[in-house]
Amino acid sequence: MANPYKHFETQAIRTQSRQSEHREHSAPIYMTSSFTFEDAEQARALFNDEQEGNIYTRFSNPNNNELVDKLCLLEGTEAGIATASGMAAMFSSMAAFLQAGDHVLASRSLFGSTHQILTKIFPKWGITHTYADIDRPESWEALIQKNTKMIFVETPSNPGLDLVDLEWLGQLAAAHNLLLNVDNCFATPYLQQPAKWGAQLVTHSATKFIDGQGRTIGGAVLGSKELINEVRFFGRHTGPALSPFNGWILSKSLETLAVRMDKHCDNALKIAEYLEGHPELEFVKYPFLPSHPQHDLARKQMRQGGALITFNVKGGLERGRLFLDQLKMISFTANLGDTRTSATHPASTTHSKLSEAERQAVGIYPGLVRISVGLENVNDILEDIEGALRASKGVRQVAAS
Ligand SMILES: *Cc1c(COP(=O)(O)O)cnc(C)c1O
């Protein structure tokens, strides 16, 4: 696709589907299941991939094309497909390439449903996996098998906020001729561009920061034309297509991604700095705090530290639960990447089915709280956290203003 714009913000705002005869300024929503053919010859050419154009919304649609064109510019990839959810993107990006007998090397710190695909769904089709520890990169190369086809990672990880060195991993994947697939949902292309470091597939849950306002589910798979052709074939015939309405929302949302991420990260850094050394906390983890064990790596591969912070409250599991119950403003919800700050307690919710040892292996301590920092005034967010820390200690005081 032609790219007349140099800068991220301009690409995100000015990449638009072609204006219609109505000369609209904002892109319309193309709620149509199919597109008409001018004549038999055009229909033949479209179906035979001799001409580019829309046929049926399960294959492509102007709103989804606009979203994908933008994401390609922002991530620095040639091509992509939009999907109905992040999980449809994760699944399509793997299933399009893997067959019985193949093996996936994956980071142990993965989104829950991605973990279910690898451990419960793929084994039914003879596709195996090995988990590698995110904090022991030196162990990864030995885990590559003769039948390994793909490496799959998330960085920063959820909720551990550990990082994978993408430059190192890109080289490892290239040396072994493996497909490197990076779920870039937490960082977004504004903070980190995995393709620049050698990822051949970049996957997204657009539900998070790309929508950024907690309204819709969506996803995308991005990569080279050659690889995306495989994913497109898979999607075209298995149907994970995004609704044009949601594609329109997500494309509009990208227009404000840069300003939103700047503010998310600014708020998050202020909160992390404030909470560091707090007497009620065992630790605070945030990639752009100098105390983060991979702070240098974060500075190298991320523009800013992201919107997620974790901290471990003193008092373990019960204190963690009590802390959540005492929040007044911050939402208690499983989603993240919203304008509204939200909090979760992984040990008693998302990761409660794991054993204590499994939780420790991915950095989930009993008192760990994950905050997805929103766009409210940072003092209101801090006041709520401070108030809940105090109230969960059993000492009820009026929150400082
Ligand atoms: C939410 C999420 C997903 C799944 O996305 P959905 O849009 O909910 O299907 C995948 N990976 C990561 C890292 C996520 O946070």
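Residue numbers (full-length UniProt numbering): 1 to 401.
C-beta atoms are modelled at their ideal positions from N, C-alpha and C, and glycine is treated no differently.
Computed from a predicted structure; not experimentally measured.
Could you give the residue range of the alpha helix (DSSP H) that holds residue i?
i: residue 409; result: Not covered by the structure: residue 409. The range shown for the chain is 1 to 401.
i: Thr238; result: 225–238
i: Thr57; result: Counting along the chain, Thr57 falls outside any alpha helix (DSSP H), and DSSP gives it neither H nor E.
i: Ser93; result: 86–95
i: Trp248; result: 244–254
i: Ser392; result: 378–392
i: Gln294; result: Here Gln294 belongs to no alpha helix (DSSP H), and DSSP marks it neither H nor E.
i: Pro62; result: 62–75
i: Arg215; result: Per DSSP, Arg215 belongs to no alpha helix (DSSP H) and is neither H nor E.
i: Val259; result: 257–275
For the putative contact between residue i and residue j, defined by C-beta atoms under 8 Å, what is the C-beta separation to the nearest angstrom?
i: Pro244; j: Ile29; result: 6 Å
i: Ser372; j: Gly337; result: 6 Å
i: Gly160; j: Val362; result: 5 Å
i: Gln301; j: Leu98; result: Not really, about 27 Å apart at Cβ, beyond 8 Å.
i: Thr128; j: Leu143; result: Not quite, the Cβ-Cβ distance comes to about 12 Å (not below 8 Å), so this is no contact.
i: Leu327; j: Ala388; result: 5 Å
i: Ala12; j: Leu74; result: 6 Å
Just curious, the beta strand (DSSP E) that residue i is in, first and last residue?
i: Asn181; result: 179–183
i: Arg370; result: 368–372
i: Ser151; result: What sits at residue 151 in the sequence shown is Ile, not Ser. Its beta strand (DSSP E) spans residues 148–154.
i: Thr203; result: 201–205
i: Ser107; result: 103–107
i: Phe283; result: 281–285
i: Tyr131; result: 128–132
Can you check which of these residues, the options, is closest to residue i by C-alpha distance?
i: Arg236; options: Val378, Arg58, Leu191, Gly315; result: Arg58
i: Ala79; options: Phe209, Ala45, Asp69, Leu317; result: Asp69
i: Ile385; options: Asp135, Ser253, Ala268; result: Ala268
i: Leu201; options: Ala40, Leu71, Asn64; result: Leu71
i: Ser392; options: Leu382, Tyr56, Leu322; result: Leu322
i: Ala307; options: Gln19, Glu376, Ser93; result: Glu376
i: Tyr286; options: Glu280, Pro279, Arg299; result: Arg299
i: Gly61; options: Asp49, Ser33, Phe37; result: Sequence inspection shows Asn at residue 61; the Gly mentioned does not correspond to that position. The residue with the shortest Cα to Cα distance from Asn61 is Ser33.
i: Leu250; options: Thr207, Ile271, Tyr274, Ile117; result: Thr207
i: Ala347; options: Leu317, Trp168, Ile381, Gln326; result: Leu317
i: His351; options: Pro123, Asn158, Asn64, Ala45; result: Asn158
i: Gly367; options: Glu383, Glu282, Ala357; result: Glu282
i: Arg319; options: Arg390, Thr216, Trp125, Thr333; result: Arg390
i: Gly374; options: Lys270, Pro279, Thr349, Gly218; result: Lys270
i: Ala272; options: Asn63, Glu9, Leu110, Val284; result: Val284
Tell me, which residues are paired with residue i by DSSP?
i: Gly80; result: Leu222
i: Leu308; result: Ser372
i: Phe332; result: Ala343
i: Val313; result: Leu281
i: Ser34; result: Tyr56
i: Ala241; result: Thr83
Chain C beta carbons: is any one of them nearer than 7 Å to that of residue i?
i: Thr339; result: Note that chain C does not occur in the displayed structure, where there is just one protein chain.
Task: Touching by the beta-carbon criterion (3+ pairs, under 8 Å), the stretch 171–178 and the stretch 274–294 - done: No, the stretch 171–178 is not in contact with the stretch 274–294.
Task: Validate contact between the stretch 81–91 and the stretch 132–149 using beta carbons, cut 8 Å, 3 pairs - done: no
- [ ] Tell me, please, whether the stretch 227–234 touches the stretch 98–106 by the rule of three or more beta-carbon pairs shorter than 8 Å.
- [x] no
TODO: Report yes or no: do three or more beta-carbon pairs, one from the stretch 199–219 and one from the stretch 45–53, lie closer than 8 Å?
DONE: no
Task: the stretch 148–156 in contact with the stretch 178–186 per 3-pair CB rule at 8 Å - done: Judged by Cβ distances under 8 Å, the stretch 148–156 makes contact with the stretch 178–186, as three or more pairs qualify.
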